[in-house]
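Residue numbers (the numbering used here): 185 to 441.
The C-beta atom is built at its ideal place from N, Cα and C for all residues, glycine as well.
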C-alpha cells in the first residue's frame, strides 16, 4: 500500500463521483472553496447531487455554478446567502433545502467524522428546528411538499440547571471536496487563516476526501504541529497552484488607505 495520495489532475480526482452522490464541500461564502474540483464536476455534468456546505456560493462562482447548471438536487446549508438562483430554485420547488443552524451544521459534520451518531444541543429548542414543519421543498403551486420532521427533545441537568436539548443526527457523505494552502503527498493539510472554516469538518465527514492544494510538498516538510488536518482523513490530493482565481463576495475598503 502506498502512502502517496497524489493524482495528476482535478478531472482524475473526481472521475469516479457518480450521479446521485452526496458531497460535503468546504468553504464559507467564496473563502476556501475547492473551485478547481467544482469546475471538474461541472465539466463532467455530474448531477442529482446532494450537497452539504455552509452555503451555495454565488450565482456564477463556487457551488453556484453546479446549481445554475441544474446539477444539485438537495442542499444542506445554514445560509442561502448572495445566490439569487438558490432562492429561486428553492421557492419554485426545484431544489430541496435542509436549513440547519451554522454551529449545528459544523458539529453534525464533526460528529460524522468522529464516528458519533448524534448529539444533543440547545440550539433550536422551542422552534421548528426541533418541532418540525420547516419547508424543505415546495410544490409548484407554492404549497409545502416536504417539511422537516420533529426531533427528539430531552431534559438534561448541566451546571445545576435543567434545560431541554434537541437530538441532532451526524452527517456523513460519499465524498468530500476541500481546498488547502499546502499539503504533502501523504495528505496532511495546512489551511490559510479563515479559509480553514468548514474544510476540516467536511473532510472528516466524507467517506472519500479529495483535496486540492496550492502547494504540494514532500512528507516531512510540514511541521507536525502545523498540520491542520491529518492525512488519515484525505484519500486524494491534487496540486492546483497558487495562481487560481479567487473571488470576493463583497469587497469593503476604508477611505484614506
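Query                                                                                                                                                     : Result
Counting along the chain, where does the beta strand (DSSP E) carrying residue 322 start and finish?                                                      : 319–322
Expressed to the nearest angstrom, what Euclidean distance is found between the alpha-carbon atoms of residue 267 and residue 333?                        : 26 Å
Give me whichever residues DSSP pairs with residue 377 in a beta bridge.                                                                                  : DSSP, once it has assigned bridges, lists no residue as partnering residue 377.
Pick helix, strand or coil for residue 368, following the three-state DSSP scheme.                                                                        : strand
Just tell me which of 337, 353, 339, 421 has its CA closest to the CA of residue 362.                                                                     : 421
Could you tell me the boundaries of the beta strand (DSSP E) in which residue 252 lies?                                                                   : Run containing residue 252: none in the beta strand (DSSP E); it sits in the alpha helix (DSSP H), 248–252.
With distance defined between alpha-carbon atoms, name the residue in 371, 348, 412 nearest to residue 377.                                               : 412
Pull the bridge partners of residue 233 from the DSSP assignment, please.                                                                                 : 256
Using the Cα positions of residue 204 and residue 389, report the straight-line distance between them to the nearest angstrom.                            : 17 Å
Can you list, in chain order, the residues of its chain whose CB lies under 8 Å from that of residue 252, leaving out five sequence neighbours each side? : 243, 244, 269
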